[in-house]
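Participant:
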Amino acid sequence: MKLDKIAEQQIRQAQLRGELDNLAGAGKPLPTEDMGKGPDSIGYKIMAGAGAIPEEIKLRKEVEAQRAVLYELVDPQERKAAMAKLAEIEMRLAIQEEARRSLHRHLS
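Going letter by letter, the sequence shown gives residues 811 to 918 in my numbering.
1) Can you tell me whether residue 839 is helix, strand or coil according to DSSP?
2) Helix, strand or coil for residue 830 per DSSP?
3) With C-beta atoms as the reference, is residue 869 less than 8 Å away from residue 906?
4) Here's the rule: buried if 16 or more other CB atoms are within 10 angstroms of the residue's CB, otherwise exposed. What is residue 867?
5) Can the beta-carbon of residue 880 be found closer than 8 Å to that of residue 901?
6) Measure from the C-beta of residue 904 to each C-beta in chain C and report whether the shortest distance is under 8 Å.
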């Protein structure tokens, strides 16, 4: 079964159970915060509105923050430690991205 059909089925079931009634933010526009590009972005925005930010988005923000830290450092030892931390975060992000791509390939 394709991902869009699975999602539609899950939404219909949640509607029938009343789980989508009276949600916070109902009738309001989706958040404008950047949650990425492409077909996943709207899903990320909906999840963010429900207070469930995907790990991939959290890691992207960590990468940005760590790059800012690295940019400010001058001491070679501190830079080396900051670069190691950045590499570790980027690796975790790459794993999350690959898991998502693999899931999409499997479901389509």
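Glycine residues also receive a C-beta, built at the ideal position from the N, C-alpha and C atoms.
Facilitator: Walking through what the data contain:
1) Look at residue 839 here: in three-state DSSP terms it is coil, with no helix or strand label.
2) In this structure, residue 830 counts as coil in the three-state DSSP scheme.
3) yes
4) buried
5) no
6) Here there is only one protein chain, and chain C is not present.
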